[in-house]
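Enquirer:
Protein chains: 2
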Amino acid sequence: MSQASIPNRYSDVIERVKYQIRQKVWLPGERVPSIRKMSRLAKVSPATVTKAYELLEVEGWIYAKPQSGYYVAAHFNQLEPSSASGLPQVSNQAISINRHVFDVLKAIKQPDVIPFGSAFPDPVLFPVDELGRRLSRVIKSMPLNSGVTDLPPGCLELRRVIAQRYANEGLSVSADDIVITTGATEALGVSLAAVTQPGDTVVIESPAFYGALQAIERFHLKAIELPLGDGGGVDIDALANIVEQHDVKACWFMSKFQNPSATTMTIEQLTLIYQLLAAKQIPLIEDDVYSELYFGSDKPPSFKSIDEHGLVLHCSSFSKCLAPGFRVGWVLAGRFSKQVEELQFMSTLSVAVPNQQTLAAFVKAGGYDNHLRQLRRVLEKRVSATMTAIQNDFPAGTTVTMPEGGYFLWVTLPIEIDTSKLLEQLLGQYRISVAPGTLFASSRQFKHCMRLNASFELNDEKRKALKQLGDILHRAKKGCER
Amino acid sequence: MSQASIPNRYSDVIERVKYQIRQKVWLPGERVPSIRKMSRLAKVSPATVTKAYELLEVEGWIYAKPQSGYYVAAHFNQLEPSSASGLPQVSNQAISINRHVFDVLKAIKQPDVIPFGSAFPDPVLFPVDELGRRLSRVIKSMPLNSGVTDLPPGCLELRRVIAQRYANEGLSVSADDIVITTGATEALGVSLAAVTQPGDTVVIESPAFYGALQAIERFHLKAIELPLGDGGGVDIDALANIVEQHDVKACWFMSKFQNPSATTMTIEQLTLIYQLLAAKQIPLIEDDVYSELYFGSDKPPSFKSIDEHGLVLHCSSFSKCLAPGFRVGWVLAGRFSKQVEELQFMSTLSVAVPNQQTLAAFVKAGGYDNHLRQLRRVLEKRVSATMTAIQNDFPAGTTVTMPEGGYFLWVTLPIEIDTSKLLEQLLGQYRISVAPGTLFASSRQFKHCMRLNASFELNDEKRKALKQLGDILHRAKKGCER
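Line by line, the protein sequences give chains A and B. Per the numbering used here, residue 1 is the first one in the first sequence, and the count goes up by one each step. Per the numbering used here, residue 483 is the first one in the second sequence, and the count goes up by one each step.
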């Protein structure tokens, strides 16, 4: 039906303007040629130019001032991959999923592949037998109409125990504020959908959890990727600029043990960021799935803990700390609770009922905190051992920072190494998976990085695999291999 | 950022054209004023008219012919609510969710409300104890890495037993063609997302399952609602016109025991519809969640059974026939398998693992067909008893047709009754829920209809409730009550 438009004509205008902006013909803040002038220059109708300019505006290249014209939007120079200084890379763009994510996932399904690339913690760490016993007890005693009563927002008992855990952290939360979801993946997805419309702009961290990039593609949004500082936390000045210059509809951040960088924001950083967003009433999706896995004496603060205005959609789950495979997560969605509840209903109707009730029973019975204390101790030991092995085996110039929690190590290798290019050989020949840095950004700027899962015991097999990985990286650095 | 446009000006043009089309100033196929002419008439710039016309085109009011101009798109007269003849209502529009859906759902959660409005079958009909026993056995013997191996497309054993069941119906399906989902709700959602982009047009039935209307809103699509004929099945001539005149990106149909109308398409209807869609390569999402609940000797055919071109995304689940609350469904997605698998991964990461494995074990053990035979027999008896009660108790002019399967009765009441207006009183005063016809279309054309869940045994309480419902309808008809 839309045979009317003549796509070549207005895409010519678009490409012309983009080229000129890239070539710094027009700098940020400068006015681009008027519609009338561009119409003459490009030999197309004013309507065509108008359409082109509107699309350029939607893409964030230019913006309109009423009664004045179109101006180049603020944008920053491309960050050099290894440069810690320099201005952050900011481009406001649609995301196209890196297909490597699916390759890495397919690989970790094969039992003979060493799962350093996996996002899942070592399954031996969880009380599977105890959960099984509870599950069978729950099924026998479950009221027949649970399928109906546990519809969104979810099983009341489970929402109550979650609210109690928030209360123990000093957060006053009612069970009514919590929406149970099919894992944190759904929690994050429905949260994002609750606060955006297709075409909207969302700020994410760079590097970011690939799930954030995927969700942004899935909901037809645009991402601004904001670099993380060395010590963790996003660049606050850059964020201030972005929220001034772009119509940001949401941010999606991980305040602690960030996936993949393993960094944690300080309370000062959290506060500054929150104030910035609160001033513009920008919702903040907080992915806090690793929150229980802290190595220190206390849980680091979250954005939710300082959320005076109900702007934070706090997403978490039991998948990383108690019951992987049960697919039970939740959102504490502040002022967006109603939308989140309705979207969860539309997304999967309800969360598996026996699974919800089993987790409620497990947490109520009181063994949960004991399990968590043990889990944290084991993870800290394993993460530390894996770091030591990396320091021994990997090429000079490699950096890794000991995280404050979780089980990921973010390994920055010498700049000449491209982990995404090594992936095929690693998987095919050595049966070792890693998560190459290219999974975590829309550009290739982290190609010399990789995320390693350090939740596994470094037994002989894993120790040998790390050594092999080190050898391959040494060779890659020397250029002996492509 | 988009302060540029002057919305009033081009919405003036839009309203002017819509008004003229409604008033039949311009009939379908006639040319609307040229951009230049409208620019003079409406005293706005040609660019503004162009934008207005483009939006009108997107909304399906007009269409462009290259080098010629804009023409009024074919559209049909509004179907009179009670008229069985006449041309179908077709409007191509964004959907806004009817909030009554959530009221009805909230109501059925209360144990003292009679759940005639529920979509869930009576929970006593399912082998809960047996499922519980299997679940506890599965958990004990489940390989530790199941959380990883059962990632999308899902548990291989479960996909195998589902493929075997298709094979027993004469359909050659590989386990690799099946993607396990968190119930049919997710199956349908990811299927729709796999074949559309925001703004696209999807054809649904009218009345339609409210989940279809919700999914269309959630993914920012537009719906064309195509009336069902008296005997079931969509109006094929109307569908032919629609696919000629609109850029239809997908259809979403229920071929059997349609929710809510309880109608079933014949193989001739299926074939004609499929041929029409195949000629244009339009994907067909087939919601077949009630497929196992047939009352006849054989399962009626599905679109999938005649899908030569891989265009059908066949969605089903175990929620209506074996294990409500387990949240396990699937898609057999034809040529769209890869997209569906990736979207499922992004939507909820994976389906609850013990639940997948328990259903695989249950079906493999061989008790499933026995359970289904029993279930069908009980449902047929209950549906029939409920119909008899309705015939006795409801006002003259009420029509209900005995369905060929499932457990819904679609009750068409005298035209003066508005079930949506009775809902509050029914729920508040009488504690009876029904699903008013207004849940199943974007317009109010089915306001004199309601869907009743007939899966419950007509014990004294339910019998009495039906009688009360009948009394209320009698009074509503007489106008004694508002």
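C-beta atoms are modelled at their ideal positions from N, C-alpha and C, and glycine is treated no differently.
Does the CB of A:M1 have a neighbour CB from chain B at under 9 Å?
Expert: Locating residue 1 of chain A in the first sequence gives position 1, where the first residue counts as 1. Only weak support is given to the placement of A:M1: the predicted model assigns it a pLDDT of 34, under 50, and the question is left unresolved by the model.
Enquirer: What residues match up with A:P227 in a beta bridge as DSSP calls it?
Expert: Taking the first residue of the first sequence as 1, we reach residue 227 of chain A at position 227. DSSP, once it has assigned bridges, lists A:S206 as partnering A:P227.
Enquirer: Output needed for B:I686: all residues of its chain with C-beta closer than 8 Å, excluding positions within five of it in sequence on either side, in chain order.
Expert: Within the second sequence, residue 686 of chain B is the residue found at index 204, counting from 1. A694, L695, I698, A705, I706, E707, L708, C733, W734 and F735.
Enquirer: Determine, using beta carbons only, whether A:I108 comes closer than 9 Å to chain B.
Expert: Here residue 108 of chain A is taken as the residue at index 108 of the first sequence, counted from 1. Taking Cβ atoms only, chain B reaches closer than 9 Å to A:I108, which makes this a yes.
Enquirer: Report the rounded CA-to-CA distance for B:W812 versus B:S798, giving the unit in angstroms.
Expert: By 1-based counting over the second sequence, the position of residue 812 of chain B is 330. By 1-based counting over the second sequence, the position of residue 798 of chain B is 316. Cα-Cα distance, rounded: 6 Å.
Enquirer: Against chain B, does A:F76 count as a neighbour if the rule is that its beta carbon must be under 9 Å from one of theirs?
Expert: The count along the first sequence starts at 1 and reaches residue 76 of chain A at position 76. Reliability fails at A:F76, whose pLDDT of 36 lies under 50, so the model's placement of it is uncertain and no value is given.
Enquirer: Can you look up A:P354 in the DSSP assignment and give me helix, strand or coil?
Expert: On the first sequence, residue 354 of chain A is found 354 positions in, with the first residue counted as 1. Note: A:P354 maps to helix in three-state DSSP.
Enquirer: Anyone know if the C-beta pair for B:G671 and A:M346 falls short of 9 Å?
Expert: Start at 1 with the first residue of the second sequence, and residue 671 of chain B comes out as number 189. Start at 1 with the first residue of the first sequence, and residue 346 of chain A comes out as number 346. Contact: yes.
Enquirer: Should the region 617-632 of chain B be called in touch with the region 950-964 of chain B, which here means at least 3 C-beta pairs below 8 Å?
Expert: Touching, no, given that fewer than three Cβ pairs across the two stretches are closer than 8 Å.
Enquirer: Given a threshold of 16 other Cβ atoms within 10 Å of its Cβ, counted over all protein chains shown, does B:N852 qualify as buried or as exposed?
Expert: On the second sequence, residue 852 of chain B is found 370 positions in, with the first residue counted as 1. That one is exposed.
Enquirer: Do you know whose CA, among A:F257, A:K18 and A:L27, lies nearest A:E57's CA?
Expert: For the purposes of this step, residue 57 of chain A is identified with residue 57 of the first sequence, where counting begins at 1. The candidate whose alpha carbon is nearest that of A:E57 is A:K18.
Enquirer: What residues from chain A crowd round B:S440, counting only those whose CB sits closer than 7 Å?
Expert: The first residue shown for chain B is 483 and the last is 964, placing residue 440 of chain B beyond what the model contains.
Enquirer: Is the separation between the beta-carbon of B:S521 and that of B:T530 shorter than 9 Å?
Expert: The residue given as residue 521 of chain B occupies position 39 in the second sequence. The residue given as residue 530 of chain B occupies position 48 in the second sequence. For B:S521 and B:T530, yes; Cβs fall inside 9 Å.
Enquirer: Answer with yes or no whether the minimum CB distance from B:D494 to chain A is below 9 Å.
Expert: Locating residue 494 of chain B in the second sequence gives position 12, where the first residue counts as 1. It does not: the Cβ of B:D494 has no partner Cβ on chain A nearer than 9 Å.
Enquirer: Among A:Q93, A:P115 and A:R9, which has the Cα closest to the Cα of A:R431?
Expert: As a first step, residue 431 of chain A must be located in the first sequence, where it is residue number 431. Looking at the Cα atoms, A:P115 is the closest of the given residues.
Enquirer: Let me know if A:L466 comes out buried or exposed under the rule of 16 or more other beta-carbons within 10 Å of its beta-carbon.
Expert: Residue numbering aside, residue 466 of chain A sits at position 466 when the first sequence is read from its first letter. Looking at its Cβ environment, which holds 16 or more other Cβ atoms inside 10 Å, A:L466 is buried.
Enquirer: Using the beta-carbon of each residue, which ones in chain A are nearer than 8 Å to B:P515?
Expert: As a first step, residue 515 of chain B is located in the second sequence; it is residue number 33 there, counting from the start. Within 8 Å Cβ-Cβ: nothing; B:P515 doesn't reach chain A, min ~15 Å.
Enquirer: For B:E824, count the other beta carbons within 10 Å of its own beta carbon; 16 or more makes it buried, fewer makes it exposed. Which is it?
Expert: Counted from its first residue, the second sequence places residue 824 of chain B at position 342. Label assigned to B:E824: buried.
Enquirer: By DSSP, does B:D980 sit in helix, in strand, or in coil?
Expert: Residue 980 of chain B lies beyond the range of chain B shown here (483 to 964); nothing can be said about it.
Enquirer: For my contact list, A:S420 and A:K381 are in at a C-beta cut-off of 8 Å; report their separation, rounded to the angstrom.
Expert: Position 420 of the first sequence, counted from the first residue, corresponds to residue 420 of chain A. Position 381 of the first sequence, counted from the first residue, corresponds to residue 381 of chain A. Going by Cβ atoms, the distance from A:S420 to A:K381 rounds to 31 Å, so no, they are not a contact pair.
Enquirer: Only counting the same chain, and skipping five residues up and downstream in sequence, which positions put a Cβ closer than 7 Å to that of B:R491?
Expert: Locating residue 491 of chain B in the second sequence gives position 9, where the first residue counts as 1. Same-chain partners within the cutoff: V526 and T530.
Enquirer: Checking contacts by CB at 9 Å: is A:T386 closer than that to chain B?
Expert: By one-based count along the first sequence, residue 386 of chain A stands at place 386. No, A:T386 lies away from the interface with chain B (no Cβ there is under 9 Å from its Cβ).
Enquirer: 9 Å is my cut-off, CB to CB: does A:R218 come that close to chain B?
Expert: As a working mapping, residue 218 of chain A is identified with position 218 in the first sequence. Yes, because at least one Cβ of chain B sits closer than 9 Å to the Cβ of A:R218.
Enquirer: Which residue comes first and which comes last in the alpha helix (DSSP H) that contains B:V526?
Expert: Taking the first residue of the second sequence as 1, we reach residue 526 of chain B at position 44. B:V526 -> no alpha helix (DSSP H), and no H or E assigned at all.
Enquirer: Here's a check: name, in chain order, each residue in its chain whose Cβ is nearer than 8 Å to the Cβ of A:A167, leaving out the five neighbours to either side.
Expert: For the purposes of this step, residue 167 of chain A is identified with residue 167 of the first sequence, where counting begins at 1. Around A:A167: V173.
Enquirer: Taking the alpha helix (DSSP H) that A:Q288 belongs to, which residues open and close that run?
Expert: Translated into positions along the first sequence, residue 288 of chain A becomes position 288. Per the sequence presented here, residue 288 of chain A reads as Asp, with Gln not at that position. No alpha helix (DSSP H) holds A:D288; DSSP gives it neither H nor E.
Enquirer: Please tell me whether A:E186 has its Cβ less than 9 Å away from any Cβ of chain B.
Expert: Mapped onto the first sequence, residue 186 of chain A falls at position 186. At least one chain B Cβ lies under 9 Å of A:E186.
Enquirer: Count the other CB atoms within 10 Å of the CB of B:G550; is the residue buried (16 or more) or exposed (fewer)?
Expert: On the second sequence, position 68 is the one that residue 550 of chain B refers to. According to the sequence provided, residue 550 of chain B is Ser. The question's Gly does not apply to it. By the neighbour-count rule (16 or more Cβ atoms within 10 Å), B:S550 is not buried but exposed.
Enquirer: For B:K622, go through chain A and note every residue whose CB falls closer than 8 Å to its CB, in chain order.
Expert: As a working mapping, residue 622 of chain B is identified with position 140 in the second sequence. By Cβ distance, chain A contributes D129 and G132.
Enquirer: Which partner residues of B:N935 appear in the DSSP bridge assignment?
Expert: Here residue 935 of chain B is taken as the residue at index 453 of the second sequence, counted from 1. In the DSSP output, where bridge partners are listed per residue, B:N935 has B:F890.
Enquirer: Among B:N627, B:R513, B:P783 and B:G952, which has the Cα closest to the Cα of B:P877?
Expert: Within the second sequence, the letter at position 395 stands for residue 877 of chain B. It is B:G952 whose Cα lies nearest to the Cα of B:P877.
Enquirer: Can you check which of these residues, A:E169, A:A184, A:Q164 and A:T181, is closest to A:A175 by C-alpha distance?
Expert: Within the first sequence, the letter at position 175 stands for residue 175 of chain A. For A:A175, the nearest C-alpha among the options comes from A:Q164.
Enquirer: Which one of B:I496, B:D632, B:L831 and B:E651 has the shortest CA to CA distance from B:K781?
Expert: In the second sequence, counting from the first residue as 1, residue 781 of chain B sits at position 299. When each option's Cα is compared against that of B:K781, the closest is B:E651.
Enquirer: Touch check for the region 298-312 of chain A and the region 276-287 of chain A: three-plus C-beta pairs under 8 Å?
Expert: Touching, per the Cβ criterion.
Enquirer: In the DSSP assignment, find the beta strand (DSSP E) that holds A:K467 and state where it starts and stops.
Expert: Within the first sequence, the letter at position 467 stands for residue 467 of chain A. Note, A:K467: premise wrong, no beta strand (DSSP E); alpha helix (DSSP H) at D460 to K478.
Enquirer: So, with DSSP's three-state summary, where would you put B:F735?
Expert: Counted from its first residue, the second sequence places residue 735 of chain B at position 253. Here B:F735 sits in strand by DSSP.
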